[in-house]
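Asker:
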Amino acid sequence: MNIAIVGTGYVGLVTGTCFSDTGVNVTCVDTNADKIEKLKNGEIPIYEPGLKELVLKNVKAGRLRFSTSLPDILNDQDIVFSAVGTPPNEDGSADLQYVLQVAETIGNNLNKYIVVVTKSTVPVGTAHKVRAMIQSRLDSRGIDVKFDVASNPEFLKEGNAISDFMSPDRVVIGVESYKAKAMLSRLYKPFLINNFRVIFMDISSAEMTKYAANSMLATRISFMNDIANLCEHVGADVNMVRAGIGSDARIGRKFLYAGCGYGGSCFPKDVKALIRTADENGYSMEVLKSVEHVNEKQKALLFHKLKKAYDNESLAGKTIAIWGLSFKPETDDMRESTSLVIINLLLRENVNIRVYDPIAMNECRRRIKDSVTYCNDMYDAVNGADALLMITEWKEFRMPNWKTIGELMSHRLVIDGRNIYDPKELSEAGFEYHCIGR
């Protein structure tokens, strides 16, 4: 089977690489010639554990190729996946210009049957727009070529994407024809030999499933953050509350951790897009609007805790250390990250900021240049610091040497945005310790 993946961002590159590892012939297409040239030379544009090794393996085996021209390879394919970006517009809606550009290119060059699959996260109704665009271009060419469209939303977790793709919880596919269903069943069979967890449905339901899934997870996070903030007011411990409610099989234990807000490329964008979709259809998603509001407030929480620790006086001239810049561990992705919000608030206070992240330092420098001091390691970051803010719970931050840290810091103040430290241990080490919901 031959497939093409249009778009070599996070979703496209992982998807293409994993398919090629099962023996499928894959061509990844991108209009960015520089990126394609680097990929041909083994340079991977994103950080994802295990991805580089898998790319190199399948390129060497001849199953994974890269191209800048979809027309050149289109009519050799059985299935084309569209995995281009859908960035949010100013009103929160998804920008579909790249998705429709791919559809237009297909319509302008298609000469045989293929299945066109939308892999990008797109609003309900997008597949019908893709079909209409392809058909209009075929009609303008005066040719009659059959094709099918389908929706196959991704559910990859950054930092665990290879495992998620190779052993998925489920694969959601929206189709309109038996032929498309049969082709996609065949494509996914190697991943699901022991337990065929493909859920077929209509296309609109598949498109909605992706938004609903991410919005549910975002809702759990904001709900627990709201509960955590209330716990501080009433003297309860959010960790105890989490254990109590998580033991209920109807609720479960996942995504019940309090913290300093969610970020990344999916949750913020998808929540906004679903709210916008509802508004466009005359319905108001009141729960999701509150989820978004709670999250935006939560991102600033560590800053307000820091201000309170200094009696709400000016922080000007103080040195603040930050551990963790990416929105979550095992990625360099800083889109919508809490660290960017905190850094911006601190810079307004004329604070000296020292940062360290195991992976995301270059991404941070790309975004905010040299407005902060980039440190060599976690201990270098706290040298001379008046406070330490722990934002991203990388494994190497979990068991620091508090004796060494206490000797390096000017003031022993730790504000833990992920509740990973033991208050008793830090108190005994002479630290003033603040966390969330305890």
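If you want the numbering used here, it's the 1-based position in the sequence shown plus 54. We treat Cβ as the ideally placed atom computed from N, Cα and C, and that holds for glycine.
1) Check each candidate in Gln352, Gly228, Asn335, Leu328 and name the one with the smallest Cα separation from valine 341.
2) What is the C-beta distance between proline 125 and threonine 180, in whole angstroms, given that I count them as a contact (C-beta under 8 Å)?
3) Within the continuous beta strand (DSSP E) that includes glycine 336, where are the two ends?
4) Please tell me whether alanine 441 and histidine 465 are closer than 9 Å, where the distance is taken between their beta carbons.
5) Could you check the C-alpha separation between isoleucine 445 and phenylalanine 201 for me, to the nearest Å?
6) Identify every run of the alpha helix (DSSP H) within the segment 217–296, keeping only runs that are complete inside it and at least 4 residues long; order them along the chain.
7) Comparing C-alpha positions only, which one of Asn56, Ile376, Asn249 sits nearest to valine 468?
8) Tell me whether the beta-carbon of cysteine 418 lies closer than 9 Å to the beta-carbon of tyrosine 428.
9) Please identify the residue among Leu480, Asn437, Gly438, Leu67 whose C-alpha is closest to the C-alpha of arginine 452.
10) Verify whether the separation of the beta carbon atoms of glutamate 212 and lysine 264 is less than 9 Å.
11) Could you check the C-alpha separation between lysine 343 and glycine 491 for me, to the nearest Å?
12) Leaving aside the five residues before and after methionine 237 along the sequence, list all residues of the same chain whose C-beta is less than 7 Å from its C-beta, in chain order.
13) Note down, in chain order, each residue of its chain lying with its Cβ closer than 8 Å to the Cβ of methionine 218, except the 5 sequence neighbours on either side.
14) To the nearest angstrom, how far is the alpha carbon of isoleucine 374 from that of aspartate 302?
15) Round the Cβ separation of alanine 137 and serine 174 to the nearest angstrom and send it over; I've been treating them as touching at under 8 Å.
16) If you draw a straight line from the C-alpha of methionine 278 to the C-alpha of valine 405, how long is it?
17) Let me make sure I understand the geometry here. Which of Thr385, Val252, Glu91 has the alpha-carbon closest to that of isoleucine 100?
18) Who are the Cβ neighbours of serine 205 in its own chain at under 6 Å, not counting the five residues just before and after it?
19) Ignore the nearest five residues each way along the sequence and tell me which others in alanine 215's own chain have a CB closer than 7 Å to its CB.
20) If the criterion is Cβ atoms closer than 9 Å, does the pair valine 409 and serine 393 meet it?
21) Does the pairing of the segment 86–93 with the segment 104–122 give three or more beta-carbon distances under 8 Å?
22) Identify every residue that forms a DSSP beta bridge with tryptophan 456.
23) Ends of the beta strand (DSSP E) at glutamate 486?
24) Helix, strand or coil: which one does DSSP assign to arginine 304?
25) DSSP on phenylalanine 209, reduced to helix/strand/coil?
26) Using the three-state DSSP reduction, which class does leucine 474 fall into: helix, strand or coil?
27) Have a look at asparagine 455 and glutamate 447 and give me their C-alpha separation to the nearest angstrom.
28) Answer yes or no: do serine 239 and valine 252 have a C-beta to C-beta separation smaller than 9 Å?
29) Flag this pair as yes or no: are the beta carbons of asparagine 283 and leucine 355 separated by less than 9 Å?
30) Which runs of the beta strand (DSSP E), 3 residues or longer, sit entirely within the segment 389–465?
31) Establish whether the CB of serine 391 and some CB of chain B are separated by less than 9 Å.
32) Can you grab the Cα-Cα spacing for the pair glycine 460 / arginine 330, in whole Å?
33) I need the boundaries of the alpha helix (DSSP H) containing asparagine 163, first residue and last residue.
34) Tell me which residue opens and which closes the beta strand (DSSP E) that serine 190 is part of.
35) Please name the residue in Glu350, Tyr364, Arg117, Asn398 whose C-alpha comes closest to that of serine 276.
36) Just to confirm my understanding: we take valine 176, look at its own chain, exclude 5 residues before and 5 after, and list those with CB closer than 7 Å. What are they?
Answerer: A quick look at the data gives this:
1) Leu328
2) The Cβ separation is near 22 Å, so there is no contact.
3) Here glycine 336 belongs to no beta strand (DSSP E), and DSSP marks it neither H nor E.
4) yes
5) 48 Å
6) 232–242, 257–288
7) Ile376
8) yes
9) Leu480
10) no
11) 23 Å
12) Asp132, Ile133, Val169
13) First, the amino acid is wrong: residue 218 is aspartate here, not methionine. Result list for aspartate 218: Phe209, Leu210, Lys211, in chain order.
14) 40 Å
15) 6 Å
16) 31 Å
17) Thr385
18) Thr172, Ala181, Gly228, Ile257, Ala260, Glu261
19) Val68, Glu102
20) yes
21) yes
22) BP columns for tryptophan 456 are empty, so no partner.
23) 486–488
24) coil
25) coil
26) As written in the sequence, residue 474 is isoleucine, which differs from the leucine given in the question. Correct three-state label for isoleucine 474: coil.
27) 16 Å
28) yes
29) yes
30) 406–410, 441–444
31) Among the chains of the structure shown, chain B does not appear; only one protein chain is present.
32) 48 Å
33) 151–163
34) From DSSP, serine 190 is part of no beta strand (DSSP E) but of the alpha helix (DSSP H) over 180–195.
35) Glu350
36) Thr140, Ala148, Leu150, Val153, Glu261
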